[in-house]
Structure formats: C-alpha cells, structure tokens
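The end of the sequence shown is residue 622 by our numbering, with every number in the run present. For reference, the structure is listed below as structure tokens.
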Amino acid sequence: REEVNRQWMEEQILSFLLKRFSFEVPKSWIAKQASYLLKKYEQDQKRQGIKVEETPLDKHPQKKIFEELAERQVKSMLLLDKIAKKEGITVEEADLNANYEKMSKETGISVDQIRSYYTSKLDQLNSLRDELLRTKTLDYLLGHAVVEWVKDGEEEEKDQELSKKSDVVNEEKGNIITP
Numbered sequence: 444r445e446e447v448n449r450q451w452m453e454e455q456i457l458s459f460l461l462k463r464f465s466f467e468v469p470k471s472w473i474a475k476q477a478s479y480l481l482k483k484y485e486q487d488q489k490r491q492g493i494k495v496e497e498t499p500l501d502k503h504p505q506k507k508i509f510e511e512l513a514e515r516q517v518k519s520m521l522l523l524d525k526i527a528k529k530e531g532i533t534v535e536e537a538d539l540n541a542n543y544e545k546m547s548k549e550t551g552i553s554v555d556q557i558r559s560y561y562t563s564k565l566d567q568l569n570s571l572r573d574e575l576l577r578t579k580t581l582d583y584l585l586g587h588a589v590v591e592w593v594k595d596g597e598e599e600e601k602d603q604e605l606s607k608k609s610d611v612v613n614e615e616k617g618n619i620i621t622p
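As structure tokens, then:
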C-alpha cells in the first residue's frame, strides 16, 4: 500500500510539473523511447508465456499510445534532470552500493557480481546512475511537496492560484528545458 501511495504521489508531482512547464522535445527522442517501450512490452508478454508477433512501431496498432507515453517519459526525465542539477542532487558511490545491496537481496546474486557487471558495462552503469538520480530527485520533491486535497472541479482553479503564488520567475515558465 505504501508503494502504491508513493507511486501515486510521484505521478501527481510529475503531472503538475508537466502542466506547469510546457516544452517540445525532438521527435527522434520520442520515437526512440516509444520503440524501447514497445520492445519492453513485447519482452514482458513473452516472459509471461504470451505469444507476441513483433511489429515495428510505425505499423503497431497501439503506436499512438506508445508515443504519448514516451513523450511523457522523455519530458519527465528532462524535468527531473534539470531539477537535480538546479538543486545539486547527485549520485554518489554510496548510492550505487546501496542499490547493489538491494539488487543482491532481490536476486540472490552477490554484490560483487552485480558491481562487476555494471563496471564492465559502462552504458548500463550510466543508465543505473540516471535512474538513481531521478529517484533521488523524486524523493527530494516528495519531501518538499505540499499536498492539498481538492474536490472534483476545483483542480484547475487551484492550479491557477499556485501559478500566481509560485516563486518561479515567469521567464522560466515553459523554458525550463532547451534541448
């Protein structure tokens, strides 16, 4: 239940940020992420024993859904990276070690084997660092979030109030990222 609440809060924070900061990302980034999501989906289906016919993204019947999700993910990643930089959030060796410990407990593979794997695969290590950075940034945002419950229909009114009260300079609105 706690994990579900955390995911819900993360989703609310990301939704707020995405509404607040409107920006475009290159179509090629969206296409790359959408293809990744499709491949991951197909692998998950196969792992569950479901026969899946591999279909290129441009011919997939759910193409639009994968592209919309990909765009949201890319924008979320860029926003979190920008916030991390602005707030001085970094991934330290201790963060990596703690994650290796967690992975070891979950998989039964030794910490040394996991560490060795990541140090031998630089792209995987960089992906792990990015993931940990975004998680730490979300932790930071969750720790600083002010939660106010609103009734249906009041949400837009509250968003407008928050925009007026915010300490974010108008020039930053919509220009937080310049890819």
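Quick reminder that beta carbons are idealized off the backbone N, C-alpha and C, glycines included.
Runs of the alpha helix (DSSP H) spanning 4 or more residues and lying entirely within the region 538-601 occur at 554-563, 565-587, in chain order. Taking all protein chains shown into account, residue 476 has 16 or more neighbouring C-beta atoms within 10 Å of its C-beta and is therefore buried. Comparing C-alpha distances from residue 452 to each of 585, 518, 469 shows the shortest one belongs to 585. Contact annotation, residue 478 with residue 500: C-beta distance approximately 5 Å; criterion of less than 8 Å satisfied. About 6 Å separates the Cβ atoms of residue 561 and residue 571, confirming a contact at the 8 Å cut-off. Taken atom to atom, the span from the alpha-carbon of residue 565 to that of residue 495 is near 31 Å.
A direct Cα-Cα distance of roughly 20 Å separates residue 516 from residue 568.
Distance between residue 553 and residue 487, taken at the CA atoms: about 25 Å.
In the DSSP assignment, residue 511 falls within the unbroken alpha helix (DSSP H) covering 506-530. When the beta-carbon positions are compared, residue 498 and residue 532 stay at least 8 Å from each other. For residue 490, the enclosing alpha helix (DSSP H) covers residues 470-490.
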